[in-house]
Every structure is written in structure tokens, then in C-alpha cells.
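Here the structure is laid out as C-alpha cells; the discussion comes afterwards.
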Amino acid sequence: MRAFNWRKGMSDNSAIEWTDATWNPVTGCTKITAGCDNCYAERFSERFRGVEGHPFENGFDLTLRPLRLDQPRGWKRPRMIFVNSMSDLFHKEVPFDYIDKVFETMEECDWHTFQVLTKRSSRMRDYLLRRYSDRPAPKHIWCGVSVENSRGRSRIAHLREAPAAIRFLSIEPLIGATGDLDLRGIHWVIAGGESGPNARVMHIDWAREVRDECRRQDVPFFFKQWGGFRPKSGGRMLDGEEWNEFPCLKTGVA
Numbered sequence: 004m005r006a007f008n009w010r011k012g013m014s015d016n017s018a019i020e021w022t023d024a025t026w027n028p029v030t031g032c033t034k035i036t037a038g039c040d041n042c043y044a045e046r047f048s049e050r051f052r053g054v055e056g057h058p059f060e061n062g063f064d065l066t067l068r069p070l071r072l073d074q075p076r077g078w079k080r081p082r083m084i085f086v087n088s089m090s091d092l093f094h095k096e097v098p099f100d101y102i103d104k105v106f107e108t109m110e111e112c113d114w115h116t117f118q119v120l121t122k123r124s125s126r127m128r129d130y131l132l133r134r135y136s137d138r139p140a141p142k143h144i145w146c147g148v149s150v151e152n153s154r155g156r157s158r159i160a161h162l163r164e165a166p167a168a169i170r171f172l173s174i175e176p177l178i179g180a181t182g183d184l185d186l187r188g189i190h191w192v193i194a195g196g197e198s199g200p201n202a203r204v205m206h207i208d209w210a211r212e213v214r215d216e217c218r219r220q221d222v223p224f225f226f227k228q229w230g231g232f233r234p235k236s237g238g239r240m241l242d243g244e245e246w247n248e249f250p251c252l253k254t255g256v257a
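In the working numbering, the protein residues as written are 4 to 257.
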């Protein structure tokens, strides 16, 4: 990530094409799917394990970072902020009272747009159902799930059951065919290949399948990258075109 401040756990000029900034009130995670096998965040963090005084002195061990909870309040210019690019907010070891504090910051900072992405889809669904049981979900907090192949499609059903103004899918790294995608209640789909020294190849038919489902079901599609040794190795063109669609910000809960 470009301009990543490893001491503060943030980037105000993210190299991730679909966001402006990153905010990490939690770091570290554990692997739960094949999509986690070559995790870039783990690879970055583990480089510093044992380096005394470094924020990643404990490598990729799950760590709450309460001193970072207020960071978005200090960003006065509106940004699109990817929450926990170096972790998963809904990891089972992140207490709900800490998740409450993250959501309190997001709710207060309504001049930003927050993008919360998880593989723990049922835990996120259950949390959102409780938090927004008696009020609408804020329109500036987008919630998404990762889907790396057909085995991850159950997360889409969980997401559809969650109250969120914008529900999105991150189909990255796309390591296998997704098969039929039911995109009812989904407002945005991102797709992309894996990057890093052990990157698995994304077949063009898998990417086309996702794009064509989005077009058929009228869902905005964003093609992030082909991937390779470096994120930019293969470029961003799919069938000679860049796909940079974003959801309509006026969309309500479907």
C-alpha cells in the first residue's frame, strides 16, 4: 500500500483502487478459507515479528488498537475508508464491545464513507441485526463479504440478511469459478486476481463469469486487477476495458 504509515496503522493515499484510505483499529487475523492462503497482510506483518518497538512486533497475531479508534475524526476531508485492511473486524476474538466502539466512530464520522469487509459473514450479520434492530443502517457504512470461489457463496446469503445501506462483494482473490451468483440485495461487486510471490492464476473465464452476472443482474462491477507477482503486474483491463463502476450512493436497504 502506498503511503502506509505503519506506526499509525493507516494510509491516507491507498493504492487499493476502490478506496481512498485505510484504517486499522484491529490488526492480525487467522486463516479460515483457501482465499487466506497467501494473505498479503500476514506477509507484510510477519516481516517485523520480533522487531522491538515495531507495531508488528508480534507479527500477525490478532491485536486490538484502541489508540487508533479516533483517527477518522481527525480526517476533515471526506474520504472513502477501508476498515481493517490488515485484519477482519468480525474475527471471533474481537469482542462485541470493541466492535461497538468502531461503529460509534463510523456513525459519528458521517462525512466519510466506510467500507467494512469480512469473511466472518454470519457474525457480521448477527451484529448488524442487533445494532440496527430499531433504526436504519447508516448510508455511509457499507458492508461486504469476501467470496473467492463457489464455496464462499453462502456468505452472500448472510450478507443479504444484514441491514446495510450498501452491500458489496469482494471476489478477490478469485481462485476458482463462482458459479451462479444470486445478487439480489447486493449493490456492488469487486473482482480481482491474487498478487504476491505465490499468486495463483485467475482464469479469464472466471472473471468474465462474474462480470456477466453483474451485467445481467444490473449490479455495478469493479475489476481491480489480474494480479501476479505484484498487484499491478497484469494490469486492470478485462476484454479491453477498465471496469470502474461504483454503487449508487442513494441506494437504500434492499
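Every residue, glycine too, gets a C-beta built ideally from N, C-alpha and C.
Asked	Found
For Q74, which of helix, strand or coil comes out of DSSP?	helix
For the segment 149 to 157 against the segment 67 to 76, do three or more pairs of beta-carbon atoms, one drawn from each stretch, fall closer than 8 angstroms, so that the two count as touching?	no
What residue ranges within the segment 154 to 218 form continuous alpha helix (DSSP H) runs of no fewer than 4 residues, ordered along the chain?	157 to 163
Going by other Cβ atoms of all chains shown within 10 Å of its Cβ, with 16 needed for buried, is K95 buried or exposed?	exposed
In three-state terms, what does DSSP make of F99?	helix
G38 by DSSP, collapsed to three states: which one?	helix
Please check the pair R203 and E212, which I expect to be a contact at CB under 8 angstroms, by giving their CB distance rounded to whole angstroms.	Actually they do not touch by this definition, with Cβ atoms about 17 angstroms apart.
Would you check if there are 3 or more beta carbon pairs closer than 8 angstroms linking the segment 105 to 118 to the segment 136 to 149?	yes
In angstroms, rounded to a whole number, what distance separates the CA positions of T108 and D215?	37 angstroms
CA-CA distance, A210 and I169?	22 angstroms
What is the rounded straight-line gap between the Cα of L172 and the Cα of W191?	6 angstroms
Flag this pair as yes or no: are the beta carbons of R128 and E164 separated by less than 8 angstroms?	yes
Between which two residues does the beta strand (DSSP E) holding S149 run?	144 to 149
Compute the Euclidean distance between the alpha carbons of V105 and K235, then round it to the nearest angstrom.	31 angstroms
Compute the Euclidean distance between the alpha carbons of T22 and P81, then round it to the nearest angstrom.	12 angstroms
Using the C-alpha atoms, what's the distance from E20 back to G243?	18 angstroms
What span of residues does the alpha helix (DSSP H) with M89 cover, start to end?	First-last for M89: undefined, no H or E at that position.
To which residues of the same chain is L184 closer than 6 angstroms at the C-beta, ignoring the five residues directly before and after it?	E216
Just the Cα atoms here: how many angstroms apart are R133 and D103?	11 angstroms
What three-state label does DSSP hand V54 in the structure shown?	coil
Do you know offhand how far I159's Cα is from G53's?	38 angstroms
Just verifying my parser: in three-state terms, what is the DSSP assignment at A44?	helix
On the three-state DSSP scale, how would you describe L65?	coil
Out of curiosity, what's the CA-to-CA distance linking A18 and R187?	30 angstroms
Give the DSSP-derived three-state secondary structure of V256 in the structure shown.	Note on V256: pLDDT 41, under 50, position unreliable in the model; no value is reported.
Where do the ends of the beta strand (DSSP E) carrying L120 lie?	116 to 121
Which two residues bound the contiguous alpha helix (DSSP H) that contains R80?	Counting along the chain, R80 falls outside any alpha helix (DSSP H), and DSSP gives it neither H nor E.
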